[in-house]
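Chains as they are written, first to last, in the numbering used here: chain A, 1 to 220; chain B, 221 to 440.
Yeah, the Cβ is synthetic: ideal placement off N, Cα and C, and Gly gets one too.
Report on the structure given below.
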DNA sequence: GTCTATAATCAGATAGAC
DNA sequence: GTCTATCTGATTATAGAC
């Protein structure tokens, strides 16, 4: 789907592509297309059931290939999850870059939070257990993922500082706390709770959570 | 630890206690003491690793009994988790009841949120996956748990309405959304993130999150 | 690279003696 | 009720043919 996808080990295919442009480029495209299908299935399943409940058999069945074939592309369940995370980080990067640089920084922060919540309510936000140490290790060792996190944090961090400088963001909060608070909107259980127990539409839910996040519970 | 513990199926022992006061009361005490030890181990492990990563073998090892003995007290892993949840709900109920009825309702809401976060940072807040359907079913079918949730929600709900009536709580937020937002502080990943990446003390972390929760990210 | 078939392991739950 | 030993099923991962 994205032409500039960055898998964990693309060196071989990339090298071959420059040697035999036409044919190998086609094979590489096929390969990437299949890997993309895998990543999309993983992404959906991770959003739906979480990492622990997702099984590799399910992934293979959803993609329509044999489980052993999966392991030719990704060497472990953790790598599958990492690939999904890389994918969402790329989407995030694309979204953040699309925001107007001349807009109010606080508006861009709101837009970023809204985007994450939309992704979650749409069932496209993978949910990983933060306590799983082997999963953490895999993510930490994945350069594409770490780069994505860093880049997004820089992006948001710039707006946070700017918003504090122009007085629109609470200056008594450490920027890192603001950043974490925004990231946490990607896994806020309030979203699902409101959808389950009330008849609110997704947009109304997001407006509500966005309001509590930026304006707080206290009256103003 | 709590003398008035309410296990899932206490009818038999309670009935026997009235028939043979002295001896069976002692046996019942032993039973409850052991079950309390189990619940405490489960509570700690659930807080530490979460439901999926916790194994029944671990629980048995921590309590110091055989796994088969565990199943004489609780018929499934889900029942173990439910018992832990009942336990925290009882602690919550005790705390909420200890708050001054004549205090500002918004102050009591803050105190409740603070209490939950203290529990979480102390490693005493069980964390359960919200997507697990069989676990959900077990919890929903547990009367003691459901009663606890209902009672706590009534308690908090009263303060929410009072705080909106006296103008200290944002009146544009539906009370149910406020309630969910408060409950969500019990599983807020921002707490751990701040602890991991900064050198903040627990009290400072809680003050920070409490501030963002009630005052919001926007400047005032 | 893809497949079928199978290892290897682990975890929830139970049997049956005491 | 507690124990040891075991069953049962699910799940990650791999072997080996094509």
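In this chain, residue 141 of chain A is not harboured by any alpha helix (DSSP H), its DSSP state being neither H nor E. In this structure, residue 267 of chain B sits away from residue 337 of chain B, with a CB-CB distance that is not shorter than 8 Å.
Straight across, the Cα-Cα distance linking residue 218 of chain A with residue 335 of chain B is about 18 Å.
Distance from the CA atom of residue 405 of chain B to the CA atom of residue 304 of chain B, rounded to whole angstroms, is 18 Å. Sorting B:327, B:295, B:363, B:369 by C-alpha distance to the C-alpha of residue 309 of chain B places B:369 at the top. With a cut-off of 8 Å on Cβ pairs, the segment 323–333 of chain B is not in contact with the segment 281–293 of chain B, counting fewer than three such pairs. Beta-bridge partners of residue 218 of chain A (DSSP): B:389. Only exposed fits residue 386 of chain B, as fewer than 16 other CB atoms lie within 10 angstroms of its CB. Residue 65 of chain A sits in coil when the DSSP states are folded into three classes, being neither helix nor strand. Put simply, the CB of residue 108 of chain A is far from chain B, with every gap to its CB atoms at 8 Å or more. With a threshold of 8 Å between beta carbons, residue 396 of chain B makes contact with chain A. Under the 8 Å Cβ criterion, the segment 254–264 of chain B does not count as touching the segment 37–57 of chain A, having fewer than three qualifying pairs. Using a CB distance cut-off of 8 Å, residue 358 of chain B does not count as an interface residue toward chain A. If the five residues before and after residue 359 of chain B are omitted, its C-beta is found closer than 7 Å to the C-beta atoms of 302, 305, 365, all from its own chain and listed in chain order.
For residue 100 of chain A, there are no neighbours in chain B by C-beta distance under 9 Å, as the nearest C-beta there is about 20 Å away. For residue 134 of chain A, not one C-beta of chain B is nearer than 8 Å to its own C-beta. Taking 7 Å as the Cβ-Cβ cut-off, the segment 149–183 of chain A approaches chain B at 167, 168, 169, 170, 171, 173, 176, 177, 178, 180, 181, given in chain order. When CB distances to chain A are screened at a threshold of 9 Å, the residues of the segment 335–354 of chain B falling below it are 347, 349, 350, 351, 352, in chain order. The criterion of a C-beta distance shorter than 8 Å is not satisfied by residue 278 of chain B and residue 130 of chain A.
Contact of residue 417 of chain B with chain A is assigned, a C-beta pair being separated by under 8 Å. Listed by position along chain B, the residues whose Cβ is nearer than 9 Å to that of residue 212 of chain A are 390, 393, 397, 398, 401, 433, 436.
Chain A has no Cβ within less than 8 Å of the Cβ of residue 292 of chain B. Think of a sphere of 7 Å around the beta carbon of residue 49 of chain A: the chain B residues whose beta carbon falls inside it are 351, in chain order. Following the DSSP letters along the chain, one finds residue 401 of chain B inside the alpha helix (DSSP H) bounded by residues 395–403. Residue 219 of chain A belongs to the set of residues whose beta carbon lies under 8 Å from a beta carbon in chain B. Residue contact with chain B for residue 188 of chain A: present (Cβ-Cβ distance below 8 Å to some residue of chain B).
Residues 395, 398 of the same chain have their beta carbon placed closer than 6 Å to that of residue 380 of chain B, with the five preceding and five following residues left out of the count. For the 8 Å CB-CB criterion, residue 121 of chain A and residue 202 of chain A form a contact.
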